[in-house]
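Peer 1: Below is one structure. I have some questions about it.
Protein chains: 2
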Amino acid sequence: MRTDTVYKKAFNRAANMLRDGQLAGELPSENELRRRMCVSRTTVRKVLRELVHRELVTERNGLRSTGRPVSDNDHYPDAETTPRAKHVEQQFMEWMLRGDTRPGTSINELELARQFGVATNGIREFLIRFSRFGLIEKRPNTGWLFKGFTEDFALELFEIRVMFELRSAQLFSLQPDSSPIWSKLAALKMAHADLLERIEGRFHDFSGLDNRFHRLINEASPNRFIDDFYDIITFIFHYHYQWNKQDEKQRNLAAIHEHIAYIDALESRNSTRIEVACRAHLASARETLMRSLTGFDETSINA
Amino acid sequence: MRTDTVYKKAFNRAANMLRDGQLAGELPSENELRRRMCVSRTTVRKVLRELVHRELVTERNGLRSTGRPVSDNDHYPDAETTPRAKHVEQQFMEWMLRGDTRPGTSINELELARQFGVATNGIREFLIRFSRFGLIEKRPNTGWLFKGFTEDFALELFEIRVMFELRSAQLFSLQPDSSPIWSKLAALKMAHADLLERIEGRFHDFSGLDNRFHRLINEASPNRFIDDFYDIITFIFHYHYQWNKQDEKQRNLAAIHEHIAYIDALESRNSTRIEVACRAHLASARETLMRSLTGFDETSINA
DNA sequence: AAGTTGTTTTTTATGGATAAAGTTCATGCT
DNA sequence: AGCATGAACTTTATCCATAAAAAACAACTT
């Protein structure tokens, strides 16, 4: 059966809005709520019904207003707000990156389905989607081949990344002064400086910043294939570093400095400076990945 | 139910082998046949059973040998040797490229499933696979958006293609004399010259040659992401030109000459010459596509 | 007429079943 | 032992069913 994660997530959001006073007094119309929560009216109505049922909202002759205060256990647990497909993704990535899954292993849809507790269909859809990342390969009628999260993979990934980023950075610097990208860039620079001050506690915030920065660079002269490629990078890094926290603070600190130099270079609009800063940053990112890759292999042997 | 296209295709191949005398006299072992036909022994046995049943092969105390001559209607029709997934692909591409499917159209899995006579699952798997081509986009819980086979698409595609091909061509030219790629290149050059002589009747053969040529260029310094990207190009061009034959001979003739110039440039190992020849060829390919694209739009409005 | 809510219809996300194809195990023959 | 066939088992390709979510339709209200 289809999961009701959309409803549960919407319910939690609505509960939060109530708690934070965003829906004080009389509630807006179903259509208005629908717009705010980005779900269909059908789902909004389901949420409202439950809110009324739990007396978080009261309904009197067709008028809805806030009811009793929201308590913490009014929320559905997080796991129930994530669709199956996302769970499959998470479990697969864990299986692949944390287990001792070796290059050359063949992937069995049925086995994964059993292991993850889903139908084979879901596994297969995930694998098809995932195959674009260059880590697995389909052999018809037979199964999938895991090619390995190897150094080769990282090298090939970064070769393309450098090409794309140099191209985008140069085009970025050619934008007219009037372009809104410049103020966005300035804002990002500030955000970097801010983070630098609070680095002790908040170094995890870097990955969001990193993402925003690289996406901004592509924004100036969009190309769907470059965007798609950046999706791969984001995805891979997200999961890889989720389980590989060694030196995280150190790493991020260095990257922040590189970003700032890179931003300065962009602002200077000096083509050579841009190339140097861009290459420096990507080379360092590559080194970091490669280091963690070999380190990762060793530990996984002992695991 | 799963189609038995693997069996039928294997059967047809076996029948051809019998007809062409490749299996004269006593047949090889099941394992040997399995290897030759690239299917499992299970399938080989099924084929053999049917061959015996139709008396194309005779079996006498465990020994199999050729039977009556193969006739044309011993073969299964082609349509039955193509798996469902491939049919979906073909029908979808036709729907997209030939129908008057406009950019912005939303794609309905259920409707396509009915239209193509397959289960929704097959449609969905195809769409997921196809989404990497940058022409459609998924909106969760809602459906797919067709972004259109537009000029923007072609421009973005070719921007990447130029980057990749320049990179690969330069790396190609840096290969040592001893590398086997040089003789492959020479062979390809000859094939081009040959085709040029017989261009009148055989200009369709160009697309195979084109493919071989560009794949060879990538072969020297492989990168999976570049290969994957070239898959997109191959796929798109295959279907687009399948229904868009205007000026085909003219187009191919020009391309052959460009290829030859490009090959000469590679053999000269002169970096500048290579860049010029490569850019010239790709620019011309892009123009051809763009022209057919606008022409295509107009005709499809009238269709 | 435009915006509300109630109801019905359509479509997507997910699980399940099964024939075909692939793989492994068992047995027998040189 | 090493290869051939036979039989049993496992996995993939494919269809079908259904609850959840979205969309469309209808009736009502101000």
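Chains as they are written, first to last, in the working numbering: chain A, -7 to 295; chain B, -7 to 295.
By construction, the Cβ of each residue, glycine as well, lies at the ideal position given by its N, Cα and C atoms.
Can the beta-carbon of Arg26 (chain A) be found closer than 7 Å to that of Arg37 (chain A)?
Peer 2: no
Peer 1: Please decide whether Phe122 (chain A) counts as near chain B, where near means a Cβ-Cβ distance under 7 Å.
Peer 2: no
Peer 1: For a quick check, are the C-beta atoms of Leu55 (chain B) and Val49 (chain B) less than 7 Å apart?
Peer 2: no
Peer 1: Asn298 (chain A): which of A:Asn65, A:Leu119, A:Glu72, A:Glu18 sits nearest, CA to CA?
Peer 2: This structure does not reach residue 298 (chain A), given that chain A is present from -7 up to 295, and the question cannot be answered.
Peer 1: Can you tell which of A:Ser284, A:Trp235, A:Glu117, A:Asn262 has the C-alpha that lies nearest to the C-alpha of Arg90 (chain A)?
Peer 2: It is A:Trp235 whose Cα lies nearest to the Cα of Arg90 (chain A).
Peer 1: Near Arg76 (chain B), what residues of its chain come up, given a Cβ to Cβ distance below 7 Å and the 5 sequence neighbours on each side ignored?
Peer 2: Thr(-5), Val110, Gly114
Peer 1: Comparing alpha-carbon positions, which option in A:Arg271, A:Pro214, A:Asp64, A:Pro132 lies nearest Ile255 (chain A)?
Peer 2: Out of A:Arg271, A:Pro214, A:Asp64, A:Pro132, A:Arg271 has the C-alpha closest to the C-alpha of Ile255 (chain A).
Peer 1: Got a sec? Which residues, its chain only, sit under 8 Å from Glu129 (chain A) by beta carbon, not counting five neighbours each side?
Peer 2: A distance below 8 Å between beta-carbons, with the five flanking residues on each side excluded, links Glu129 (chain A) to the following residues of its chain, in chain order: Ser123, Trp136, Leu137, Lys139.
Peer 1: Can the beta-carbon of Glu259 (chain B) be found closer than 7 Å to that of His273 (chain B)?
Peer 2: Taking C-beta atoms as the reference points, Glu259 (chain B) and His273 (chain B) fail to come closer than 7 Å.
Peer 1: Return the first residue and the last residue of the beta strand (DSSP E) that Ser199 (chain A) is part of.
Peer 2: Run containing Ser199 (chain A): none in the beta strand (DSSP E); it sits in the alpha helix (DSSP H), 198 to 211.
Peer 1: Does Glu148 (chain A) get closer than 7 Å to chain B when you measure Cβ to Cβ?
Peer 2: yes
Peer 1: Listing by chain order, which chain B residues have their CB less than 8 Å from the CB of Asn215 (chain A)?
Peer 2: Chain B residues near Asn215 (chain A): Glu148, Glu151, Ile152.
Peer 1: Specify, as a first and last residue, the run of the beta strand (DSSP E) that Thr(-3) (chain B) falls within.
Peer 2: Taken as a continuous stretch (DSSP letters only), Thr(-3) (chain B) belongs to no beta strand (DSSP E), being part of the alpha helix (DSSP H) at -3 to 11.
Peer 1: Rounded to the nearest angstrom, how far is the Cβ of Phe150 (chain A) from that of Arg261 (chain A), given a contact under 8 Å?
Peer 2: Not quite, the Cβ-Cβ distance comes to about 25 Å (not below 8 Å), so this is no contact.
Peer 1: With DSSP collapsed to three states, give me the class of Leu19 (chain B).
Peer 2: coil
Peer 1: Cutting at 6 Å between CB atoms, please list the residues of its own chain near Glu51 (chain A), excluding the five before and the five after it.
Peer 2: Val44
Peer 1: Beta-carbon separation of Phe84 (chain B) and Val39 (chain B) under 7 Å?
Peer 2: no
Peer 1: For Gly109 (chain B), decide whether its Cβ has a neighbour in chain A, counting only Cβ atoms nearer than 7 Å.
Peer 2: no
Peer 1: For my contact list, Phe145 (chain A) and Gly126 (chain A) are in at a C-beta cut-off of 8 Å; report their separation, rounded to the angstrom.
Peer 2: Contact flag correct, Cβ pair sits at about 7 Å.
Peer 1: Could you check which residue in B:Glu24, B:Gly59, B:Ala71, B:Phe217 has the C-alpha nearest to that of Met155 (chain B)?
Peer 2: B:Phe217
Peer 1: Please identify, using Cβ separations under 9 Å, the residues of the stretch 156 to 181 of chain B that lie next to chain A, in order along the chain.
Peer 2: Phe156, Arg159
Peer 1: Using a Cβ cut-off of 7 Å (strictly closer), state whether Glu117 (chain A) contacts chain B.
Peer 2: yes
Peer 1: Go to Trp174 (chain A), then tell me how far its alpha helix (DSSP H) extends in each direction, as first and last residue.
Peer 2: 173 to 189
Peer 1: For the beta strand (DSSP E) containing Leu89 (chain A), name the first residue and the last one.
Peer 2: Note, Leu89 (chain A): premise wrong, no beta strand (DSSP E); alpha helix (DSSP H) at 76 to 89.
Peer 1: Under a three-way DSSP split, which group does Ser98 (chain A) fall into?
Peer 2: strand
Peer 1: Take His79 (chain B) as the anchor and find which of B:Phe198, B:Ala16, B:Phe108, B:Arg60 has the nearest alpha-carbon.
Peer 2: B:Phe108
Peer 1: Starting from Arg261 (chain A) and walking both ways along the beta strand (DSSP E), at which residues does that stretch end?
Peer 2: Taken as a continuous stretch (DSSP letters only), Arg261 (chain A) belongs to no beta strand (DSSP E), as it is neither H nor E.
Peer 1: Let me know if Thr286 (chain A) comes out buried or exposed under the rule of 16 or more other beta-carbons within 10 Å of its beta-carbon.
Peer 2: exposed
Peer 1: Which whole-angstrom value describes the C-beta separation of Met29 (chain B) and Ala7 (chain B), a residue pair presumed to lie in contact below a C-beta threshold of 8 Å?
Peer 2: Between Met29 (chain B) and Ala7 (chain B), the beta carbon gap of about 12 Å keeps them out of contact (Cβ cut-off 8 Å).
Peer 1: Alpha carbon to alpha carbon, how far is Asp92 (chain B) from Thr291 (chain B)? Give it in angstroms, no decimals.
Peer 2: Here the model assigns Thr291 (chain B) a pLDDT of 42, short of 50, so the residue's position is not dependable, and the following value carries that caveat. Taken atom to atom, the span from the alpha-carbon of Thr291 (chain B) to that of Asp92 (chain B) is near 9 Å.
Peer 1: Inspect the CB distances between the stretch 218 to 228 of chain A and the stretch 173 to 181 of chain A and report whether three or more fall short of 8 Å.
Peer 2: Segment contact: the stretch 218 to 228 of chain A against the stretch 173 to 181 of chain A, fewer than three CB-CB distances shorter than 8 Å; contact not assigned.
Peer 1: In this structure, does DSSP put Ser63 (chain B) in helix, strand or coil?
Peer 2: Here Ser63 (chain B) carries a coil assignment [DSSP, helix/strand/coil].
Peer 1: Within 7 Å (strictly less), CB to CB, does Gly135 (chain B) reach chain A?
Peer 2: no
Peer 1: Leaving out five residues before and five after Thr74 (chain A) in sequence, what residues of the same chain have Cβ atoms less than 7 Å from its Cβ?
Peer 2: Result list for Thr74 (chain A): Thr(-3), in chain order.
Peer 1: Given a threshold of 16 other Cβ atoms within 10 Å of its Cβ, counted over all protein chains shown, does Glu116 (chain B) qualify as buried or as exposed?
Peer 2: For the sequence presented, residue 116 (chain B) should be read as Arg rather than Glu. Classification of Arg116 (chain B): buried, given that the 10 Å Cβ count is 16 or more.
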